[in-house]
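One structure is given below, encoded as structure tokens.
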Amino acid sequence: MKAFLLKYWRIISGPSKHYSLGFLTMGGFVMGIIFWGGFNTAMEFTNTEVFCTSCHENLYAELQDTVHFTNRSGVRAICSSCHVPHDWTDKIARKMQASKEVFAWVSGSISTPEKFEARRLHLAQNEWHRLKANDSLECRNCHQFDYMDFTAQSQRAVNRHSTALASGDRTCIDCHKGIAHRLPDMSGVDMAGLD
Amino acid sequence: MNAWKIFSLVAAAVLAGAAAFASDNIATLRDGAIAQEKDAPRFAKVENNDIKRKRAYPMQPPTIPHKIDGYQVDLNVNRCMACHSRRVTEATQAPMISVTHYMDRDGNFLADVSPRRYFCQQCHVTQTDARPLLANEFVDIDELLQGQ
């Protein structure tokens, strides 16, 4: 084993015998583009609606009733708009976390709608905690507070947005739970952003 | 046999009357030839001004002066109660659901909304700017008393 590794170390640490420096640098550059592009393309594919709904088709059906799917201006959110951070480092971190979810999928721990409903509050709370911790970053990627026109909002919305949200005491998810999904049993869960 | 005849006559008369009544109503509502498919009316806009409407009579369930699109009211959760339940009204400044909603049918008070009052929209509804199809002939009790 040691001899085997040593042999490869000699090949890698020694100078090239057959290939020119230009070939190796250019080859490395081209292969870098191909591998990096391939990696990123594959990762971006896991952000598409097609990929998500290949398993989560029941959630896709729920989303279709909501304002984040169909509305007057035709702007819509897909799963990854809210569930995956947009910045690259945060995105990689979230994708690494998601490997646990892949394990859950392989082991079939949520393989039926009944199992899903039973775990739904727990799963939802994971997302609420995540959004609470990052100050509803994924909401704010589109809904930027600085550009909100209070005069175009209803009085109720202005009352809450101009006070608790403006001061930073509350964040979007405190009040807007279940904005794109059906809610689980919420007994004991604060819905009005009081706690 | 005679009773049979009378019954048939009465039945025929009732049916003819009902048909005449129905066709009259359809004519006023339809406003077009019977064989012609009319354009669907525009969707009415839901009132969203948060201003209380007067109640037509004291027991009338108050109308909802705001949009309730997508509000989830089911076994899991009641979105209305996120603002209108007793516990949260100080923060939300929404009207608390009335005390009768905390009573069971024997008049005993409960800690939370009574199951028989759980589905808000059985009684409380939003209002729209739709043009009424028929004039409303309701007379307020005060006007009624003044008229006497």
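From first to last, the protein sequence lines are chains Z and L.
Going by the numbering used here, the final residue of the first sequence carries number 195, and the count climbs one at a time with no gaps.
Going by the numbering used here, the final residue of the second sequence carries number 148, and the count climbs one at a time with no gaps.
Idealized CB from N, CA, C, for every residue including glycine.
Apart from the five residues just before and just after residue i, which ones in its own chain have a Cβ nearer than 6 Å to its Cβ?
{"i": "alanine 180 of chain Z", "result": "Leu63, Thr66 and His68"}
{"i": "arginine 55 of chain L", "result": "none"}
{"i": "tyrosine 57 of chain L", "result": "none"}
{"i": "methionine 1 of chain L", "result": "In this prediction, methionine 1 of chain L has a pLDDT of 46, which is less than 50 and means its spatial position is unreliable; nothing more can be read from the coordinates."}
{"i": "glutamine 127 of chain L", "result": "Glu47 and Thr63"}
{"i": "proline 184 of chain Z", "result": "Arg120, Leu121 and Ala124"}
{"i": "threonine 89 of chain L", "result": "Met96"}
{"i": "cysteine 172 of chain Z", "result": "Ser136 and Cys139"}
{"i": "cysteine 123 of chain L", "result": "Pro61"}
{"i": "valine 158 of chain Z", "result": "Phe150"}
Enumerate in chain order the residues of its own chain whose CB-to-CB distance from residue i is below 8 Å, with the five nearest sequence positions on each side excluded.
{"i": "serine 16 of chain Z", "result": "Leu24"}
{"i": "isoleucine 51 of chain L", "result": "Pro65"}
{"i": "lysine 67 of chain L", "result": "Val46, Asn48 and Thr126"}
{"i": "valine 77 of chain L", "result": "none"}
{"i": "tryptophan 105 of chain Z", "result": "Cys55"}
{"i": "glycine 32 of chain L", "result": "Lys38"}
{"i": "valine 73 of chain L", "result": "Arg79, Cys80, Tyr118, Phe119, Cys120 and Gln121"}
{"i": "tryptophan 36 of chain Z", "result": "none"}
{"i": "alanine 166 of chain Z", "result": "Phe145"}
{"i": "proline 113 of chain Z", "result": "Asn58"}
{"i": "threonine 100 of chain L", "result": "Arg117"}
Identify every residue that forms a DSSP beta bridge with residue i.
{"i": "isoleucine 64 of chain L", "result": "L/Thr126"}
{"i": "asparagine 71 of chain Z", "result": "Answer is none; asparagine 71 of chain Z lacks a bridge partner."}
{"i": "asparagine 78 of chain L", "result": "L/Val73"}
{"i": "tyrosine 103 of chain L", "result": "Checking the sequence, you will find methionine at residue 103 of chain L rather than tyrosine. Answer by DSSP bridge pairing, in chain order: L/Phe109."}
{"i": "valine 46 of chain L", "result": "L/Thr128"}
Can you tell which of the options has the C-alpha that lies nearest to the C-alpha of residue i?
{"i": "aspartate 90 of chain Z", "options": "Z/Leu131, Z/Phe103, Z/Cys55 and Z/Ala77", "result": "Z/Leu131"}
{"i": "asparagine 126 of chain Z", "options": "Z/Asp169, Z/Gln97, Z/Glu44 and Z/Gln153", "result": "Z/Gln97"}
{"i": "methionine 186 of chain Z", "options": "Z/Gly168, Z/Arg170, Z/Leu123 and Z/Asp169", "result": "Z/Leu123"}
{"i": "asparagine 47 of chain Z", "options": "Z/Cys79, Z/Thr171 and Z/Asp169", "result": "Z/Cys79"}
{"i": "valine 113 of chain L", "options": "L/Tyr102, L/Gln36 and L/Ala44", "result": "L/Tyr102"}
{"i": "tyrosine 60 of chain Z", "options": "Z/Gly22, Z/Gly168, Z/Phe35 and Z/Arg182", "result": "Z/Arg182"}
{"i": "arginine 160 of chain Z", "options": "Z/Gly38, Z/Arg72 and Z/Ala192", "result": "Z/Ala192"}
{"i": "leucine 41 of chain L", "options": "L/Thr89, L/Ala130, L/Asn136 and L/Leu134", "result": "Just to set this straight, residue 41 of chain L is proline in the shown sequence, not leucine. Of the candidates L/Thr89, L/Ala130, L/Asn136 and L/Leu134, the one whose C-alpha sits nearest the C-alpha of proline 41 of chain L is L/Ala130."}
{"i": "valine 189 of chain Z", "options": "L/Ala82, L/Met59 and L/Gln60", "result": "L/Ala82"}
{"i": "glycine 178 of chain Z", "options": "L/Pro132, L/Tyr71 and L/Val99", "result": "L/Tyr71"}
{"i": "arginine 201 of chain Z", "options": "Z/Asn141, Z/Ala152 and Z/Asp174", "result": "Given that chain Z is displayed from residue 1 to residue 195, the structure contains no residue 201 of chain Z and the question cannot be resolved."}
{"i": "arginine 156 of chain Z", "options": "L/Gln146, L/Pro115, L/Ile141 and L/Ala91", "result": "L/Ala91"}
{"i": "glycine 168 of chain Z", "options": "Z/Val102, Z/Ile110, Z/Ala133 and Z/Ile12", "result": "Z/Ala133"}
{"i": "leucine 133 of chain L", "options": "L/Ala44, L/Ala35 and L/Ile34", "result": "L/Ala44"}
For residue i, which residues from the same chain have a beta carbon less than 7 Å from its beta carbon, with the 5 sequence-adjacent residues on both sides left out?
{"i": "phenylalanine 51 of chain Z", "result": "Phe45"}
{"i": "phenylalanine 109 of chain L", "result": "Tyr102 and Met103"}
{"i": "arginine 10 of chain Z", "result": "none"}
{"i": "histidine 129 of chain Z", "result": "none"}
{"i": "glutamate 49 of chain Z", "result": "Ile78 and Cys79"}
{"i": "methionine 148 of chain Z", "result": "His161"}
{"i": "glycine 155 of chain L", "result": "Not covered by the structure: residue 155 of chain L. The range shown for chain L is 1 to 148."}
{"i": "methionine 31 of chain Z", "result": "none"}
Just to confirm, does residue i get its C-beta within under 7 Å of one of the non-hydrogen atoms of the ligand HEM?
{"i": "glutamate 101 of chain Z", "result": "Inclusion of the ligand HEM in the displayed structure is not the case, the ligand content being empty and no account of it being possible."}
Under 7 Å, CB to CB, which of the residues in the segment 46-75 of chain L have a partner in chain Z?
Asn48, Asp50, His66, Gly70 and Gln72
Taking beta-carbon pairs under 7 Å, can you tell me which members of the segment 78-102 of chain L lie near chain Z?
Ala82, Cys83, Val88, Ala91 and Thr92
*asked:* Please list, in chain order, the residues of the segment 151-172 of chain Z that have any C-beta partner in chain L closer than 7 Å.
replied: Ser154, Gln155 and Arg156
- the segment 74-86 of chain Z / the segment 133-147 of chain Z touching (three or more Cβ pairs under 8 Å): yes
- If contact means a Cβ-Cβ distance below 8 Å, which residues of the segment 60-87 of chain Z contact chain L? Asp65, Thr66 and Val67
Contacting positions in the segment 174-193 of chain Z - beta carbon closer than 7 Å to chain L
Gly178, Arg182, Leu183, Pro184, Asp185, Met186, Met191 and Ala192
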